[in-house]
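Protein chains in written order, with the working numbering: chain A, 1 to 112; chain B, 113 to 225. Even for Gly, the Cβ is constructed at its ideal location relative to N, Cα and C.
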């Protein structure tokens with residue numbers, strides 16, 4: 001069973017707009033991570049936020065974590081065509097122990 | 113700087129055939145993982161090895177076996193392939209559990225007819 005569930009499943013935006021996607025999970029976690037997957041490729045780590053952190057930034061990425069609501073959001077600002085990819089949240093800890101459990105992903109299309 | 117290397121990239125099997133997916137990492141990581149990715153299902157953990165000499169079942173281990181050959185290599189074996197095992201398989205490694213990011217290979221696309 002999946003620990004994380006992303007919302008929306010798919011997102012289409014214009015270049016320059018912001019993209020926001022959400023992840024909800026079910027049990028306690030040590031950390032939550034976001035990954036990007038370009039079509040036909042492996043996943044690439046974007047950012048990790050620990051359970052005692054509320055917000056983290058990396059370049060055009062902003063991640064928030066609300067442990068009381070068991071949810072996280074990933075914001076990509078000023079999107080580019082190269083941001084077109086699937087984005088996955090993954091949780092570590094809780095019921096999954098030391099293993100990362102992935103959600104189903106959000107497919108993002110950035111139109112030039 | 114190869115990172116995580118998986119072979120083969122593509123494979124077509126008939127039902128009942130066996131095969132082994134190979135994975136090697138050159139980052140001196142302790143932990144290695146095998147995931148499968150199916151449309152709309154995200155990634156599901158098949159088996160993992162927290163350190164050399166140990167292996168543990170993940171979420172969907174049935175029909176698979178693994179071998180942690182040494183610190184670098186972690187193989188996944190399908191003894192008798194079934195159509196339900198048609199999927200894209202990803203190997204990944206992590207420096208050690210709870211330390212952060214997984215590094216992924218490029219995937220092995222398996223079709224079982």
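Any non-hydrogen atom of the ligand PLP within 7 Å of residue i CB
i: residue 135 of chain B; result: As far as ligands go, the structure on display features none, and thus does not contain the ligand PLP.
Reference residue i, options the options, closest by Cα
i: residue 12 of chain A; options: A/80, A/70, A/66 and A/50; result: A/80
i: residue 145 of chain B; options: B/154, B/183 and B/160; result: B/160
i: residue 114 of chain A; options: A/103, A/76, A/68 and A/43; result: The question about residue 114 of chain A has no answer, for chain A in this structure spans 1 to 112.
i: residue 68 of chain A; options: A/5, A/6 and A/28; result: A/28
i: residue 39 of chain A; options: A/82, A/90 and A/63; result: A/82
i: residue 206 of chain B; options: A/93, A/100 and A/89; result: A/100
i: residue 32 of chain A; options: B/219, B/224, B/223 and B/214; result: B/214
i: residue 86 of chain A; options: B/204, B/152 and B/177; result: B/152
i: residue 111 of chain A; options: A/14, A/4, A/5 and A/7; result: A/14
Rounded distance between the beta-carbons of residue j and residue i, thought under 8 Å
i: residue 163 of chain B; j: residue 179 of chain B; result: Contact flag wrong, Cβ pair sits at about 14 Å.
Cβ neighbour criterion (16 or more within 10 Å) applied to residue i
i: residue 36 of chain A; result: buried
i: residue 70 of chain A; result: buried
i: residue 127 of chain B; result: exposed
i: residue 78 of chain A; result: exposed
i: residue 9 of chain A; result: exposed
is_contact[residue i, chain B] using C-beta, thresh 8 Å
i: residue 65 of chain A; result: no
i: residue 105 of chain A; result: yes
i: residue 42 of chain A; result: yes
i: residue 109 of chain A; result: no
i: residue 70 of chain A; result: no
i: residue 11 of chain A; result: no
i: residue 56 of chain A; result: no
i: residue 33 of chain A; result: yes
i: residue 26 of chain A; result: no
i: residue 61 of chain A; result: no
i: residue 74 of chain A; result: no
Residue i at chain A interface by Cβ criterion, 8 Å
i: residue 131 of chain B; result: no
i: residue 176 of chain B; result: no
i: residue 165 of chain B; result: no
i: residue 157 of chain B; result: yes
Note to self: In chain order, what are the residue ranges of uninterrupted beta strand (DSSP E) at least 3 long that sit wholly in the stretch 15 to 58 of chain A?
What the structure shows: 19 to 24, 31 to 37, 43 to 50 and 55 to 58
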